[in-house]
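To start, the structure under review is shown below, and the notes come after it.
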Ligand code: SF4
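Numbering (the working numbering), first residue to last: 23 to 298.
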C-alpha cells in the first residue's frame with residue numbers, strides 16, 4: 023500500500039446523482055479518487071474531470087459534508103425511488119473510510135429515509151463493519167469484485183484493496199447476516215487471471231463461500247488501461263504478454279475461448295457464471 027497519498031477535505035454540492043449505469047437510477051460516491059489503485063481501473067478518467075495532476079490511486083478527496091448534503095437531497099426531492107449504486111467511480115470502503123466514516127453516515131441516512139434500494143460494489147473487507155446498518159436499509163445487496171485468489175497477483179494489480187481471502191471472509195459474514203452477496207470477476211486479465219488454474223480455484227472458492235450469483239466480464243481495452251497493463255505485464259508477468267497481445271488483436275476470438283473455458287469450469291464446480 024502507498025504511504026504518499028495526497029488527501030484533501032472538500033465540500034460537495036450534490037451527493038445523490040442520477041446515473042446512466044444500466045439497472046441503477048442513482049449513484050453515490052463519498053470520495054473522489056480511489057487508493058485501491060487498480061491497474062485496470064476505468065474510473066481513472068475522473069482525473070480529467072476533477073483536474074487532479076497526481077496519478078490515479080495517489081490522491082483522495084474526502085467529501086466531508088457528504089452525508090449532510092445527502093440528507094438534504096432526500097428530504098427535498100419528491101421521493102426518489104429505485105436502486106442506488108454506492109461506489110461507481112470510487113470504492114466507498116477504501117482504507118480512508120475506516121477513519122472518515124462518510125460511507126457509514128450516508129448509509130445511516132439512507133436507512134432513516136427507507137426510500138432507496140442500496141447496492142454496494144467493493145473490493146474491501148471493511149464493508150462488514152456496517153452489517154448492522156446494512157440490515158436496516160430498505161433493501162441492500164453487496165457485490166465483491168474478486169479477480170484472482172492469488173494474493174501476489176492481487177498485490178500487483180489492485181495494490182490498495184483487501185487481499186482476496188479477506189473479501190471472501192467478509193462475504194461469508196454478510197451472507198450469515200442475511201445480506202445478499204454476489205461476486206464480480208472482472209476484468210479477466212489475459213494469461214494472468216483467466217488461466218484455467220486461476221479460474222477453477224476462484225470459482226470453487228466463491229461457490230464454497232455460499233455465493234451463487236457470479237458475474238464476469240472481459241477487459242475493456244481503454245488506451246490508458248492498456249498502457250498501464252503493458253508496463254505491468256513487462257515487469258511482473260512477461261510470460262503472459264503474448265496472451266495480452268492476442269486479446270488486443272483478436273478480442274472476439276479470445277473472448278469466445280475464455281467463455282468456453284468458463285462454461286466448462288462452471289460444470290466442474292457446479293456453478294454457472296454469467297457474462298455481463
Ligand atoms: S476499487 Fe474500483 S474505483 Fe477503486 S481503483 Fe479499483 S477499479 Fe478503480
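Just so it is clear, CB atoms sit at the ideal spot from N, CA and C, and this is done for glycine as well.
Review point. Using the rule of at least 16 other Cβ atoms within 10 Å of the residue's Cβ for burial, across every protein chain shown, is residue 120 buried or exposed?
Key: Counting Cβ neighbours within 10 Å, residue 120 comes out exposed, since fewer than 16 surround it.
Review point. Would you call the stretch 240-258 and the stretch 183-201 in contact, with 3 or more CB pairs under 8 Å?
Key: no
Review point. With 16 other CB atoms within 10 Å as the buried threshold, where does residue 271 fall?
Key: exposed
**Study point:** Closest residue to residue 109 among 129, 96, 95 and 100 (Cα-Cα distance)
**Key:** 129
Exercise for review: Look at the Cβ atom of residue 264, then the Cβ atom of residue 213, and state whether they are nearer than 9 Å.
Suggested key: yes
Exercise for review: For the stretch 139-147 and the stretch 158-171, state whether three or more C-beta atom pairs, one from each stretch, are separated by less than 8 Å.
Suggested key: yes
Review point. Looking at the unbroken beta strand (DSSP E) that takes in residue 48, where does it start and where does it end?
Key: 48-50
**Study point:** Straight-line Cα distance separating residue 287 from residue 229
**Key:** CA-CA distance, residue 229 to residue 287, rounds to 12 Å.
**Study point:** Residue range of the alpha helix (DSSP H) that includes residue 31
**Key:** Unbroken run through residue 31 is the beta strand (DSSP E), 28-32; no alpha helix (DSSP H).
Exercise for review: Assign residue 284 to one of two classes, buried (16 or more other C-beta atoms within 10 Å of its C-beta) or exposed (fewer than that).
Suggested key: buried
Check your understanding: Distance, Cα to Cα, residue 96 vs residue 216?
Key -> 42 Å
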